[in-house]
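Read the structure below first, then the notes.
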Amino acid sequence: MACDEEEILGTNALRSPSPQLRVVVLAGKLEKVPLWFHSLRNLTCLYLHWSRLEEDLLPCIEALPCLVTLTLINSYVGKELCFGRGFVKLTELYLLNFPLTNKMTIEKGVMPNLKYFQLGNWNELKTLPLGLEYLTTLQQLHLVNLPIEIIDRIRKGAVDRPKVQHIPEIIHKNGMQSSEGDFIRLVGNMKQLTRIGISNVKKSDEMYLCDSIQKLQLHNYLFLMACDEEELLGTNALSSPSPQLRVVYLVGKLERVPPWFHSLRNLTHLGLHWSRLEEDLLPCIADLPCLGYLTLANSYVGKELCFCRGFVKLAGLVLRNFPLMNKITIQKGVMPNLKSLSLGNFIELKILPLGLEYLSNLQQLHLLNLPMEIIEPIRKGAVDHPKIQHIPEINHYNIMQSGGVTIR
Numbered sequence: 001m002a003c004d005e006e007e008i009l010g011t012n013a014l015r016s017p018s019p020q021l022r023v024v025v026l027a028g029k030l031e032k033v034p035l036w037f038h039s040l041r042n043l044t045c046l047y048l049h050w051s052r053l054e055e056d057l058l059p060c061i062e063a064l065p066c067l068v069t070l071t072l073i074n075s076y077v078g079k080e081l082c083f084g085r086g087f088v089k090l091t092e093l094y095l096l097n098f099p100l101t102n103k104m105t106i107e108k109g110v111m112p113n114l115k116y117f118q119l120g121n122w123n124e125l126k127t128l129p130l131g132l133e134y135l136t137t138l139q140q141l142h143l144v145n146l147p148i149e150i151i152d153r154i155r156k157g158a159v160d161r162p163k164v165q166h167i168p169e170i171i172h173k174n175g176m177q178s179s180e181g182d183f184i185r186l187v188g189n190m191k192q193l194t195r196i197g198i199s200n201v202k203k204s205d206e207m208y209l210c211d212s213i214q215k216l217q218l219h220n221y222l223f224l225m226a227c228d229e230e231e232l233l234g235t236n237a238l239s240s241p242s243p244q245l246r247v248v249y250l251v252g253k254l255e256r257v258p259p260w261f262h263s264l265r266n267l268t269h270l271g272l273h274w275s276r277l278e279e280d281l282l283p284c285i286a287d288l289p290c291l292g293y294l295t296l297a298n299s300y301v302g303k304e305l306c307f308c309r310g311f312v313k314l315a316g317l318v319l320r321n322f323p324l325m326n327k328i329t330i331q332k333g334v335m336p337n338l339k340s341l342s343l344g345n346f347i348e349l350k351i352l353p354l355g356l357e358y359l360s361n362l363q364q365l366h367l368l369n370l371p372m373e374i375i376e377p378i379r380k381g382a383v384d385h386p387k388i389q390h391i392p393e394i395n396h397y398n399i400m401q402s403g404g405v406t407i408r
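Anchor point for the sequence shown: position 142 equals 142 in full-length UniProt numbering, and the numbering is continuous, going up by one each time.
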């Protein structure tokens, strides 16, 4: 996630991400579609927010064989969007906040397994997507904040009604961003939803939000984003989320670690952004038996972080933007299966994590915008090089200096 909406999210230097990647969430402006997208053969969920791409993303991802959920929010500034082919396994599609797009086309045979389609906040759109009638498996069409002329054309007996009459459930909602929580209350009635993504969440929405999530026991993906960096993301009223939850991303300030985290026995991916917790999160999630990927970005304001126990299945760890952190410790035996570790933007950190040598299965170490006093001691022949010599690939990137280098 970029530091703000206007900051360019630099990912073009990435050549070959992990072939195990199943979920990718990018929030920030992109200069172009990342070149590595086409290689994500195991990707099941892709989320792009604020990208505002000038080039069409769809041809770059249409052939991904495992992609089942696609969420695009303010990700494209072109005037036309066409699903021309592919997306054979896609079951859920969310297209929100396309301010300039005035035409959307779906060709016959594309997205043959789509079950849920949400379309919202398209200011210039005058008709529903052309080819909507080809989506024969569609079970729910959710229309949010669309011009009333579109809605009038699909009402019973209206001219475009035949194009949507095969869809069992069509929901039209205005005021998705109202602080009264109307839209959030509506979510609780969508019993068959398997993935939930809600942005612009306010603290005042907490009771409605938690009540709605509580009612949904089939969802396995949860993304919640506060309306801005300073708004509290209220989730403490949630007592027992779906036991099916596998992916959770929370973007917003948290008063404390959500008490329901410990119950996420099937969770495989957890991402926290902007949380700025004062209490240590790690003891609350160390024993989650299925947690494979953990991303923490500006999620803790303490000075020390210690991985003391657990994380037995963790394969990927990303730690970014800890402005006060000056020490990271990894105890022996913790994270025994970690394959990839990424550290970035630690202003006060002076040395690499203590105990890095215990991560005997580590294959990749990525260091982003770290002080040179950390990098120099681990170069070949330097004093701390023995601590990392077991790691096959070590990369150091400094975006301010335009590029990256392979340390070894």
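For glycine and all other residues, C-beta sits at the position ideal for the given N, C-alpha and C.
Residue i to residue j span [Cα, whole Å]
i                 : j              : result
tyrosine 134      : lysine 203     : 40 angstroms
arginine 41       : threonine 329  : 34 angstroms
asparagine 369    : asparagine 298 : 15 angstroms
proline 99        : tryptophan 122 : 6 angstroms
leucine 43        : leucine 21     : 6 angstroms
serine 239        : valine 257     : 13 angstroms
glutamine 214     : valine 164     : 30 angstroms
histidine 269     : alanine 158    : 45 angstroms
leucine 343       : glutamine 364  : 11 angstroms
glycine 120       : serine 75      : 13 angstroms
phenylalanine 322 : leucine 250    : 17 angstroms
valine 312        : asparagine 337 : 7 angstroms
glutamate 230     : lysine 303     : 21 angstroms
Three-state class that DSSP yields for residue i in the structure shown
i                : result
glutamine 214    : helix
lysine 29        : strand
methionine 207   : helix
glutamate 230    : coil
glycine 175      : Reliability fails at glycine 175, whose pLDDT of 44 lies under 50, so the model's placement of it is uncertain and no value is given.
glutamate 278    : coil
cysteine 290     : coil
serine 342       : strand
lysine 387       : helix
isoleucine 328   : strand
phenylalanine 98 : coil
Same chain, Cβ closer than 6 angstroms to residue i, neighbours up to 5 away in sequence not counted
i              : result
cysteine 227   : Asn200 and Lys202
isoleucine 171 : His142
alanine 63     : Gly86
serine 275     : Leu254 and Ser299
glycine 234    : Lys203 and Glu206
isoleucine 73  : His49, Leu96 and Asn97
Own chain residues within Cβ distance below 7 angstroms of residue i, not counting five before or after
i              : result
methionine 207 : Ala237
leucine 132    : Ile106, Lys163 and Val164
Segment limits, beta strand (DSSP E) that includes residue i
i                 : result
cysteine 60       : From DSSP, cysteine 60 is part of no beta strand (DSSP E) but of the alpha helix (DSSP H) over 58-61.
isoleucine 151    : No beta strand (DSSP E) holds isoleucine 151; the alpha helix (DSSP H) holding it covers 148-152.
isoleucine 106    : 103-106
glutamine 364     : 364-368
glutamate 55      : Neither: glutamate 55 is in no beta strand (DSSP E) and is coded neither H nor E.
threonine 71      : 69-73
leucine 270       : 269-273
alanine 297       : 293-297
threonine 137     : Per DSSP, threonine 137 belongs to no beta strand (DSSP E) and is neither H nor E.
arginine 195      : 195-201
lysine 163        : First-last for lysine 163: undefined, no H or E at that position.
cysteine 82       : 80-83
phenylalanine 117 : 116-120
phenylalanine 307 : 304-307
asparagine 395    : 393-397
Minimum C-alpha distance to residue i - residue among the options
i              : options                           : result
glycine 333    : Leu314, Gly310, Leu319 and Leu362 : Gly310
tyrosine 221   : Leu352, Leu143, His49 and Arg246  : Arg246
aspartate 160  : Pro168, Ile150 and Leu72          : Ile150
asparagine 102 : Lys89, Glu169 and Glu80           : Glu80
glutamine 118  : Lys126, Leu138, Leu130 and Gly109 : Leu138
methionine 111 : Asn145, Arg153, Leu58 and His390  : Leu58
valine 301     : Leu314, Leu319 and Lys313         : Leu319
glycine 197    : Leu314, Cys45, Ile167 and Ile285  : Cys45
glutamate 54   : Leu48, Lys32 and His219           : Lys32
cysteine 308   : Ile285, Gly109, Leu294 and Asn326 : Ile285
leucine 67     : Val88, Cys60, Phe83 and Glu169    : Val88
leucine 314    : Asn326, Leu95, Ile351 and Ser340  : Ser340
Bounding residues of the alpha helix (DSSP H) (the contiguous stretch that carries residue i)
i              : result
isoleucine 374 : 372-375
Beta-carbon proximity list for residue i, same chain, < 8 angstroms, skipping 5 on both sides
i          : result
leucine 90 : Leu67, Val68, Thr69, Leu70, Met111, Asn113 and Leu114
serine 178 : With a pLDDT of 39 at serine 178, under the threshold of 50, the predicted position of this residue should be treated as unreliable, and no value is reported.
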